[in-house]
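Novice:
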Amino acid sequence: MSMFPKESQFISQEGDNLGERTSQAFRISLQDYKFTVMVGSDLPHLTVRILQSAFEALEQHDVVLGPAHDGGYYLIGLKQFIPDLFTGINWGSSEVFRQTIERVHSLGLSYRPS
Numbered sequence: 112m113s114m115f116p117k118e119s120q121f122i123s124q125e126g127d128n129l130g131e132r133t134s135q136a137f138r139i140s141l142q143d144y145k146f147t148v149m150v151g152s153d154l155p156h157l158t159v160r161i162l163q164s165a166f167e168a169l170e171q172h173d174v175v176l177g178p179a180h181d182g183g184y185y186l187i188g189l190k191q192f193i194p195d196l197f198t199g200i201n202w203g204s205s206e207v208f209r210q211t212i213e214r215v216h217s218l219g220l221s222y223r224p225s
């Protein structure tokens with residue numbers, strides 16, 4: 112049994128770096144869905160409760176981020192397309208989470224960790 116509902120949608124990645132690929136996927140997904148949560152593909156401890164919590168947080172916040180041990184994030188959720196959130200980030204570095212939080216604040220967005 113899959114933990115993803117039948118109406119889940121998977122989108123092919125497009126772009127030269129992780130930021131471009133993530134931004135493009137949000138652009139596409141948020142045309143059809145009220146909220147979108149993206150997760151990494153290598154998360155053996157990801158639970159349905161973590162995903163539910165992320166979606167619930169988007170009721171009150173603009174951005175949900177799940178920090179990863181390597182300085183990035185394992186989960187990001189948005190309720191609107193925010194392309195500036197994905198620019199000026201040193202993708203693949205240990206600074207990704209910190210830089211993203213700084214960008215969230217500079218854009219005046221509300222944030223909740225997941």
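The numbering used here numbers the first residue of the sequence shown as 112 and each following residue consecutively.
Note that beta-carbon positions come from the ideal geometry of N, C-alpha and C, so glycine has one too.
Fair warning: this is a prediction, and the values are worked out from it, not measured in the lab.
Hey, residue 214 and residue 199: beta-carbon distance below 8 Å or not?
Specialist: A contact, by the Cβ cut-off of 8 Å.
Novice: Report the residue ranges of all alpha helix (DSSP H) runs contained in full by the segment 121 to 149; include only those spanning at least 4 residues, in chain order.
Specialist: With a minimum length of 4 residues, the continuous alpha helix (DSSP H) runs that stay inside the segment 121 to 149 are 129 to 140.
Novice: Could you give the uninterrupted runs of the alpha helix (DSSP H) lying entirely in the segment 155 to 205, keeping only those of 4 residues or more?
Specialist: DSSP runs (the alpha helix (DSSP H)) wholly in the segment 155 to 205: 159 to 168.
Novice: Mind checking residue 159: buried by the 16 CB within 10 Å criterion, or exposed?
Specialist: Under this definition residue 159 is an exposed residue.
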